[in-house]
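S.K.: One structure coming up, written as structure tokens, with questions to follow.
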Amino acid sequence: MSDEISEHPDRPQRGQVLFAALFLICATLLIAALGDQTKWLKGKDFFSQPRFWPAIGVGGMVVFSTLHFWHLPRKPRRLPRWMREADWLQWAESLFWGVLALGLSLWLGPVAAAPMVLLVATIRVTWLYQHWTDRREAKVWASVFEWAGWFLAYVLLVPIIGYLPVTVAFTAILTWRVGYRDRIMMWSAILFAIVVVIIFKSFLQVKIPGAALYEYLPGALRSFFILNF
Amino acid sequence: MDLLFDFLTQVQASTSYLARWDVVLALLVGSVGGVLIGAIPGVGPAVAIAILLPATFSMDPIVGLTVLLGIYGSSMYGGSIPAILINTPGTAVNALTTYDGYPMTTRGEARRALSLAYSSSFFGGLFSVMCLIFFAPVLARVAPMFGSREIFLAALLGIILVVTAHRKHTLIAAAMACFGIWLNTIGLHPASYSKRYTFDQSWLSGGVNLIVVVLGLFALSQAFTLLHGDDEKVRLTRLKGSFFQGFRELARHPRIAGVSASFGVIMGMIPGVGEFTAQFMSYTYAQKSSKRPEDFGHGSSEGLIAAETANNAVPAAAMVPLLALGIPGEALTAMMLSVFYVHNVIPGPQLFQNDMDFVVALYLALLVLNVLVVIFLLVATNQLIKVVKIPNRFLGVCILILSFVGVYSLRNSLTDCILAAGFGVFGFIMKRMQLPVVPIVLGMVLGGIMEVKLRSAMARVKSPLDFIDRPIAAILFGMIVLVLALHFRRVWLDYKERKTDEWQTSHASTSFAAILSRRRNFILTERGKTLRAKRKTFSRRLTGRD
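Protein sequences, first through last, are from chains A and B.
Just so you know, the first sequence maps onto residues 1 to 229 in the working numbering.
Just so you know, the second sequence maps onto residues 1 to 546 in the working numbering.
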């Protein structure tokens with residue numbers, strides 16, 4: 001289990017720089033918020049401080065993800081010719097980094113300034129090393145939000161319409177959406193949905209609240225539906 | 001002799017745990033369900049356990065754990081079916097089975113391969129359970145020697161092993177483990193009740209639930225992966241005849257079976273190592289000691305025996321650090337830990353001291369489970385192989401629908417579902433990048449254990465050396481140093497090897513000549529001349545003769 005990626009020593013390169021950069025940016029933002037989001041209590045032992053373990057966590061995230069980012073095989077983007085040949089741009093960039101580091105250190109103090117500089121440096125390096133395959137990969141990542149949206153819509157509708165009807169409808173609609181449109185698959189989907197509801201709600205009695213719509217059912221049917229479906 | 005007598009008394013006492021209709025039902029559901037789940041490529045035990053976890057909270061600990069253990073222990077049996085028949089491992093640990101299983105199928109020996117896989121798995125499972133039942137009294141005597149600092153060091157060792165086991169990807173694995181440690185700290189600090197990383201949001205005050213993370217990372221991400229992907233065309237081979245011949249063939253290779261099962265037991269007990277290392281070591285041993293090493297990878301029965309015996313010996317052994325120390329060594333046992341916590345049964349030395357019957361009952365359940373699975377497989381393989389044909393995207397729909405039960409039934413919280421969906425997307429991205437997600441889960445679990453144990457251990461420590469003044473603590477510390485030293489040595493050797501390769505493959509003179517040639521060509525262009533003239537302010541201006 002722990003060795004799950006050793007099967008693929010040559011993992012895909014697409015998106016690696018983007019992922020590492022996003023992770024590092026998040027880690028940097030979190031470490032910048034360490035002082036604000038955790039407390040250092042006076043008179044308490046160092047290892048019992050509320051800040052100790054979050055600092056280990058976010059500190060490790062920043063250090064290891066920076067090293068990971070540094071070690072990624074990467075190819076610099078081909079800059080426009082005028083940028084490649086303009087010496088003044090390199091001087092300007094060096095000056096910018098100096099001013100930024102010094103300015104932020106004077107303004108916020110060196111400890112608070114370090115994550116900011118790292119953040120800007122990460123964005124700059126990502127811009128320099130990102131490839132068109134990274135952008136294509138990002139589109140694939142974005143496309144999965146559709147399925148997450150379906151899931152959340154399902155979650156929102158169950159307490160209103162009811163576990164059984166929503167499960168049947170969603171399974172059927174999703175089956176249709178992913179491209180299985182023959183009668184066998186549609187009936188299999190409906191059957192699957194009914195079996196799931198019966199096993200989990202009717203038999204195992206898992207905690208899924210009765211729907212608001214069930215309140216409108218007549219007498220005994222109402223309590224039967226709330227209890228079992 | 002006393003140990004044996006104690007043990008027999010415990011076996012007798014623990015049968016009362018198992019002689020209940022609900023436990024028997026759990027055994028049946030776990031074994032059959034596990035085989036089915038294992039036989040469907042793309043589902044796997046992690047997905048199934050994550051989904052079923054909240055449903056088991058309402059059951060007795062022994063019933064709930066039997067279902068989950070059943071799925072864990074029997075999924076590898078099922079996983080060998082598609083590995084052998086269609087060259088697609090049902091679970092990740094069956095990848096090595098495809099090396100020799102599928103070539104046997106292509107030469108018309110599918111039934112022999114399946115039969116060998118079942119018998120080897122059965123032997124591995126039985127061997128490990130028997131070993132652990134006999135070692136349980138010894139473990140019961142050793143476990144109380146583990147105090148807070150020993151458990152802290154064992155958890156630290158576990159997290160280091162998990163990270164270093166991801167060879168060539170240790171940096172991102174370490175980052176993910178730290179991410180898990182950080183996730184676990186969100187919410188109220190238990191000792192001081194101060195908020196940590198809640199961003200003044202009430203929904204974060206309770207922290208991030210492990211099950212929500214697990215469901216997102218394993219179940220929802222798998223659903224998204226399947227929904228996003230394409231279906232595979234499957235052509236199945238017809239199987240005729242019985243599956244008993246494998247037992248006879250296995251009996252002709254007692255050495256390989258014994259050594260592989262031993263590797264499985266030893267590697268299973270070490271947190272963070274698991275099935276892959278056990279399989280790799282037994283497969284390498286079998287190949288080196290075989291009279292026909294050239295057959296390995298081309299349908300060798302010895303290779304198949306080594307792979308299947310080793311992976312099935314791991315589940316029972318993986319329960320040892322969980323039960324004896326409360327430290328899960330991998331994602332599946334980490335999920336099972338939450339079942340213990342829900343029922344206020346704290347695994348660790350006290351469990352071994354006070355409730356040994358419960359521990360032995362779990363091992364006996366595993367023993368019965370292996371027998372049930374083999375009987376089921378011997379009878380129902382022909383019908384079972386049809387599940388391989390379930391289309392991938394339909395499976396994705398099914399997992400999505402089932403994940404809802406897992407997440408929503410936990411606390412009926414929409415926030416949990418949104419978080420799980422977020423982790424699902426994160427897990428999907430990690431899967432596409434082929435990056436490890438297991439360190440996140442283990443970071444969460446082991447981070448929590450380390451925080452509590454370090455706090456209580458440091459209360460009695462005056463100087464740093466006091467931390468390792470007890471023999472077990474010193475051994476564990478020595479092991480941590482050794483693991484780290486070996487890891488850095490390997491990193492250094494890899495670096496040297498890579499550099500040597502680079503030097504050997506690059507032709508210095510050719511590349512130098514190429515640089516000179518490119519430079520000359522550039523200089524000879526009009527633009528090159530102008531630029532050179534501009535830059536060399538203090539040098540002689542170019543004339544028409546240059």
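Glycine is no exception: its CB is placed at the ideal position from the N, C-alpha and C atoms.
Starting from the Cα of residue 112 of chain B, find the closest Cα among B/450, B/220, B/257, B/378 and give me that residue.
M.R.: Ranking B/450, B/220, B/257, B/378 by Cα distance to residue 112 of chain B puts B/378 first.
S.K.: If the criterion is Cβ atoms closer than 8 Å, does the pair residue 223 of chain B and residue 410 of chain B meet it?
M.R.: No, the pair does not count as a contact, with Cβ atoms beyond the cut-off.
S.K.: If we count the other Cβ atoms within 10 Å of its Cβ and call it buried at 16 or more, is residue 154 of chain A buried or exposed?
M.R.: With 16 or more other Cβ atoms within 10 Å, it is buried.
S.K.: Within 8 Å of any Cβ in chain E, is that where the Cβ of residue 39 of chain A sits?
M.R.: Included in the structure are the protein chains A and B, with no chain E among them.
S.K.: Kindly list, in the order they appear in chain B, the residues whose Cβ is closer than 9 Å to that of residue 208 of chain A.
M.R.: In chain order: 404, 405, 408, 409, 412.
S.K.: Counting only Cβ-Cβ distances shorter than 8 Å, please list the residues of the segment 145–156 of chain A near chain B, keeping chain order.
M.R.: For the segment 145–156 of chain A, which is checked against every Cβ of chain B, the residues closer than 8 Å are 145, 147, 148, 150, 151, 152, 154, 155, 156.
S.K.: Give a single yes or no on whether residue 121 of chain B has its beta carbon closer than 7 Å to a heavy atom of the ligand ZN.
M.R.: With respect to small molecules bound, the structure shown includes none, and the ligand ZN cannot be examined in it.
S.K.: Relative to chain A, which residues along the segment 173–192 of chain B have a C-beta separation below 7 Å, given in chain order?
M.R.: Residues passing the 7 Å Cβ filter: 174, 175, 178, 179, 181, 182, 185, 189, 191, 192.
S.K.: Can you say whether residue 269 of chain B is buried or exposed, counting buried as having 16 or more other CB atoms within 10 angstroms of its CB?
M.R.: So residue 269 of chain B ends up on the buried side.
S.K.: Kindly list the residues whose CB is nearer than 7 Å to the CB of residue 218 of chain A, restricted to its own chain and excluding five residues on each side of it in sequence; keep chain order.
M.R.: Excluding positions up to five away in sequence, the list is empty.
S.K.: Hey, which unbroken runs of the alpha helix (DSSP H) at 4 residues or more fall wholly within the segment 173–247 of chain B?
M.R.: For the segment 173–247 of chain B, whole alpha helix (DSSP H) runs of length 4 or above, ordered along the chain, are 202–205, 210–214, 221–228.
S.K.: For residue 547 of chain B, I'd like the list of residues in its chain whose CB is within less than 7 Å of its CB, leaving aside the five on either flank, ordered along the chain.
M.R.: The requested residue 547 of chain B does not occur in the structure, where chain B is confined to residues 1 to 546.
S.K.: Please compile the residues from chain B whose C-beta is within a distance smaller than 9 Å of the C-beta of residue 15 of chain A.
M.R.: The answer, in chain order, is 429, 432, 433.
S.K.: Would you say residue 549 of chain B reaches chain A, if we count a Cβ-Cβ gap shorter than 8 Å as a contact?
M.R.: Missing from the structure shown is residue 549 of chain B; chain B here goes from 1 to 546 and no further.
S.K.: Taking its Cβ as the centre, do 16 or more other Cβ atoms sit within 10 Å of residue 369 of chain B, making it buried, or is it exposed?
M.R.: Classification for residue 369 of chain B: buried.
S.K.: Let me know the alpha helix (DSSP H) ranges lying completely inside the segment 149–192 of chain A, each 4 residues or longer, listed in chain order.
M.R.: List check, alpha helix (DSSP H) in window: 163–177.
S.K.: Please name the residues in the segment 195–215 of chain B whose beta-carbon is closer than 9 Å to at least one beta-carbon of chain A, in chain order.
M.R.: Against chain A - using a Cβ distance shorter than 9 Å - the residues of the segment 195–215 of chain B are 195, 196, 197, 198, 199.
S.K.: Helix, strand or coil: which one does DSSP assign to residue 411 of chain B?
M.R.: DSSP places residue 411 of chain B in helix when its eight states are reduced to three.
S.K.: Can you check whether the CB of residue 11 of chain B is closer than 8 Å to the CB of residue 549 of chain B?
M.R.: Nothing about residue 549 of chain B can be read from this structure; chain B reaches only from 1 to 546.
S.K.: Taking DSSP as the reference, what is the three-state secondary structure of residue 298 of chain B?
M.R.: Residue 298 of chain B falls in the coil class under three-state DSSP.
S.K.: With 16 as the cutoff for other CB atoms within 10 Å, does residue 350 of chain B come out buried or exposed?
M.R.: Burial call: exposed.
S.K.: Would residue 211 of chain B and residue 338 of chain B qualify as a contact pair, given that the criterion is a beta-carbon distance under 8 Å?
M.R.: Yes, Cβ-Cβ distance for residue 211 of chain B and residue 338 of chain B is below 8 Å.
S.K.: Within 8 Å (strictly less), CB to CB, does residue 115 of chain A reach chain B?
M.R.: Residue 115 of chain A does not count as touching chain B.
S.K.: Please report the distance separating the alpha-carbon of residue 12 of chain A from that of residue 434 of chain B.
M.R.: Cα to Cα, the separation comes out at about 7 Å.
S.K.: What residues of chain A sit near residue 131 of chain B, judged by a beta carbon separation below 9 Å?
M.R.: Those within 9 Å of residue 131 of chain B in chain A number zero; the least Cβ separation is about 20 Å.
S.K.: Using the Cα positions of residue 2 of chain A and residue 226 of chain B, report the straight-line distance between them to the nearest angstrom.
M.R.: Per-residue confidence for residue 2 of chain A stands at a pLDDT of 38, beneath the threshold of 50, marking its modelled position as unreliable; no derived number is given.
S.K.: Would you say residue 254 of chain B faces chain A, with C-beta separation under 8 Å as the test?
M.R.: No, residue 254 of chain B does not count as interfacial toward chain A.
S.K.: Nearest chain A C-beta to residue 25 of chain B closer than 8 Å, yes or no?
M.R.: No, because no Cβ of chain A sits closer than 8 Å to the Cβ of residue 25 of chain B.
S.K.: Under 8 Å, do residue 69 of chain B and residue 30 of chain B count as touching if we go by C-beta distance?
M.R.: Yes, Cβ-Cβ distance for residue 69 of chain B and residue 30 of chain B is below 8 Å.
S.K.: DSSP three-state label for residue 59 of chain B, please.
M.R.: Here residue 59 of chain B sits in coil by DSSP.
S.K.: For residue 431 of chain B, which residues of its own chain have a beta-carbon under 7 Å away from its beta-carbon, when the five flanking residues on both sides are left out?
M.R.: Cβ within range, chain order: 221, 225.
S.K.: Look at the alpha carbon of residue 4 of chain A and the alpha carbon of residue 308 of chain B, and state the distance between them as a whole number of angstroms.
M.R.: Bear in mind that a pLDDT of 40 at residue 4 of chain A, under 50, signals an unreliable position, so the model cannot answer this.
S.K.: With a cut-off of 8 Å, do at least 3 Cβ pairs link the segment 146–164 of chain B to the segment 443–457 of chain B?
M.R.: The answer is yes - the segment 443–457 of chain B touches the segment 146–164 of chain B, with three or more Cβ pairs under 8 Å.
S.K.: Around the C-beta of residue 363 of chain B, are 16 or more other C-beta atoms found within 10 angstroms, so that it is buried, or is it exposed?
M.R.: Under this definition residue 363 of chain B is a buried residue.
S.K.: Please list the partners that residue 200 of chain A has in chain B, where partner means a Cβ-to-Cβ separation under 9 Å.
M.R.: Correct list: 55, 402, 405, 409.
S.K.: Does the beta-carbon of residue 92 of chain A have 16 or more other beta-carbons within 10 angstroms, so that it is buried, or is it exposed?
M.R.: Residue 92 of chain A should be labelled exposed.
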